[in-house]
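Presented below is the structure to which this report refers.
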Amino acid sequence: MASPGEEATGDSHVGKNKKPPARYWQELPDKGKDEKDEEKPLPQKDQQTQKAKKRKQQEDQRDGKKFVSGKSDPFPGPAPLSKERVQKFKRKDKAKRPRNQHFKLRDIMKRSDEASEMSQKQAARFDILLPEDAGFLEGDEDEDTCTISQEDIAEAVDITSGTKYFNLKLSQFGPYRVDYTKTGRHLLLGGRRGHVACIDWQSKHLMCEINVMESVNDVKWLHSEAMYAVAQKKWLYIYDSNGIELHCIRKFNDVLRMQFLPYHFLLATASATSFLQYLDVSVGKEVAAFCTKMGRLDVMCQNPHNAIIHLGHPNGTVTLWSPNQKEALVKMLCHQGGVRSVTVDKTGTYMVTSGLDKKLKVYDIRAFKPLKSYFLPAGASCLSLSQRGLLSAATGDVVQVYRDVWSAPVTKPYMAHRVRGSVWGLHFCPFEDVLGVGHGDGFTSMLVPGAGEPNFDGLDANPYRSAKQRQEWEVKALLEKIQPELISLDPTELGYVDRATFEQRHQDRVQALGYDPLAKEKFVPKYKKKGRSSAGAVERRKKQVAHEDQRDEIRKTVEDKMKMEKETKERAKKKAALSNQKSALDRFKK
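Counting from 216, one number per residue, gives the positions in the sequence shown under my numbering.
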């Protein structure tokens, strides 16, 4: 009988020899083989082959070609993408890379192109996951959509969408100017007789309401819903969302219209004294001020694509302005009478104008040519374009919405609605099928199916962001602020070098300095130790470099000479060939 100690020893011996159970991903050993055969080491050649197979298997698993079970992927590689879908998200063409000596610049540009291509493909892949889609109002057979009333639409849609149609009766302080924030969540109203109100219009929560006790010409939200600007009778005022006055800017007097450039943090103002001024709201300084010399400026809009300001004038012209130039970039004669309203679509391609000649004209800004011209019996006093390309035009107390005004001839409006007073302000709400109308009797929120962009970019304009997210976005937007010097008609030109201007500047610099700073420097021999920098050795090195430069000059001269000789010979050959040709007049030669 074994002792307890021996039993314990025996158990431990068995535990040492015992192997752990095999897992499902491990290959089970063949039962026919003996343990001695398993322990026998493989030859060196077989070991290398086995290692190579194992490495290849790991690489295949990492690339996604094989599963854990060992089966191959029936659809290897990334999912295919159609060229049309990728083209939708293309932002720029590939830049031309410099010569081989600029290897660092070539590497940077290559990585930039690769990152741009990757983001383009990712956006195209995720496009299919976007949940919402745009829809339009469609009538029954022989039914005109412009005859459908707002009450019928509000009853037909769901409860949430139906609450977006409402009227605010504010007849005491009207007519009203209207503005929505970039996210489309908050509404700003400014009455002609001094009433200013901020509303979270979806929840119907009144943020603040004040009376400035003087006439209000225009109101405009700044970079967020925390601040807004009010153009009052004399000066420009800045208020916060609680109605507290933050600034009174007396440099900006008699302001009639305002536009805010969100990516530049610039507030552009047009005044009754014919001045166009730019205010940087991030630092509170005036960036530029120009006298247009075109009279009273009460028609103004911005191009969202390139941040160019469009101004309409009483002589029928529309001028395009940038803070970098004192003169207008472009002057277009659009109407035979004064211009009443101007608007530009979000792609910066089309501009729509209305004038006192009762015409509505659509222009292609890329070529500065008219595309379509429509006659409205009463003319249009206010214009506004939605994110999906719907055009709203106000004629008196009637608001008409048109569809596809630049692609096909329009014979009738898409929708129409009559309000209780003359319209003074129109604005489509971003990311919502809603049109805000400010008129003499208050404010009306209209339902316009298909007007808003159904999917928003949460990193740029998120309607559902919290206060913390808004603060973080504000900091990032300030860090990424675009300088006013970069505003130009064609934003794609920023990536190119103006070589003609560079050469002219270089010549001016040479004339000012008296020497060429980019010229080749005089060779100075490097100091070497161990007697290699003696006077004779230094002179020999100087002569060697001078001889190399001289050889280059001689080689260049010889090549030019050979080229000229070759051209002379070719010219002589052509002349001889022409002289050998027989002419009909040769028979008269003696």
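For each residue, glycine too, the CB sits at the ideal point set by N, CA and C.
Judged by pairs of C-beta atoms under 8 Å, the stretch 694 to 702 does not touch the stretch 662 to 670, as fewer than three such pairs exist. Sequence-distant Cβ neighbours of His401 in its own chain, meaning closer than 6 Å and more than five residues away, are Asp415 and Glu440. The three-state secondary structure of Ala631, taken from DSSP, is strand. Counting every other CB atom within 10 Å of its CB across the protein chains shown gives Gly499 a total below 16, marking it as exposed. One Cα belongs to Glu708, the other to Thr783, and the distance between them is close to 43 Å. Annotated three-state conformation of Ala676 is coil, per DSSP. Around the beta carbon of Val690, fewer than 16 other beta carbons sit within 10 angstroms, so the residue counts as exposed. Pairing Ser376 with Ala503, the inter-Cα distance amounts to about 43 Å.
With distances taken between CA atoms, Glu366 lies nearest to Met661 out of Met661, Arg465, Asp675 and Gln686. Here Val634 is buried. Its C-beta has 16 or more other C-beta atoms within 10 Å.
Per DSSP, Arg306 lies in no beta strand (DSSP E) segment and is marked neither H nor E. Taken in chain order, the whole beta strand (DSSP E) runs of length 3 or more contained in the stretch 516 to 565 are 524 to 527, 532 to 536, 545 to 548 and 554 to 559. A straight-line Cα-Cα distance of about 14 Å links Ser588 and Val554.
Met566 has its alpha-carbon roughly 5 Å from the corresponding atom of Tyr578.
Between the stretch 482 to 495 and the stretch 461 to 471, the count of Cβ pairs shorter than 8 Å is three or higher; the stretches touch.
Lys546 and Ser681 have their C-alpha atoms some 44 Å from each other.
When the Cα atoms are used, Pro390 and Ile425 turn out to be separated by approximately 16 Å. The C-beta distance from Gln615 to Ala623 rounds to 17 Å, too long to fall under 8 Å, and the pair is not in contact. For Cys644, the three-state secondary structure derived from DSSP is coil. Our two residues, Ser537 and Gln492, have alpha carbons roughly 10 Å apart in a direct line. Between Ala676 and Phe643, the CB-CB gap reaches or exceeds 8 Å.
Residue pairing by DSSP places His420 opposite Asp415 in a beta bridge.
Distances from the alpha-carbon of Val739 to those of Ala761, Gly611, Arg392 and Lys305 put Ala761 closest. Excluding residues up to 5 positions away in sequence, Arg407, Arg408, Gly409, Gln447 and Lys448 lie with their Cβ nearer than 8 Å to the Cβ of Ser430 in the same chain. Assignment of beta-bridge partners to Thr659 by DSSP yields Asn382 and Val652.
For Asp767, the enclosing alpha helix (DSSP H) starts and ends at Ala750 to Asn795. In chain order, Ala446 and Leu471 place their CB closer than 6 Å to the CB of Asn432, counting only its own chain and leaving out the 5 sequence neighbours on each side. In this model, Met509 and Pro732 are separated by some 46 Å (Cα to Cα). Contiguous beta strand (DSSP E) elements confined to the stretch 592 to 639 occur at 597 to 600, 606 to 610, 613 to 617 and 630 to 633, taking only those with 3 or more residues. Residues of the same chain with a CB within less than 7 Å of the CB of Ser748, apart from the 5 flanking positions on each side, are Tyr742 in chain order. Under a 10 Å Cβ-count criterion, Asn518 is classified as buried, with 16 or more other Cβ atoms of the shown protein chains found around its own Cβ. Take Pro706, set aside five residues on each side of it, and the residues of its chain with a beta-carbon closer than 8 Å to its own are His520 and Asn521, in chain order. CA-CA distance, Ala412 to Gly350, rounds to 32 Å. CA-to-CA, the gap between Cys597 and Leu544 works out to about 25 Å.
Counting other Cβ atoms within 10 Å of its Cβ, Leu606 reaches 16 or more and is therefore classed as buried.
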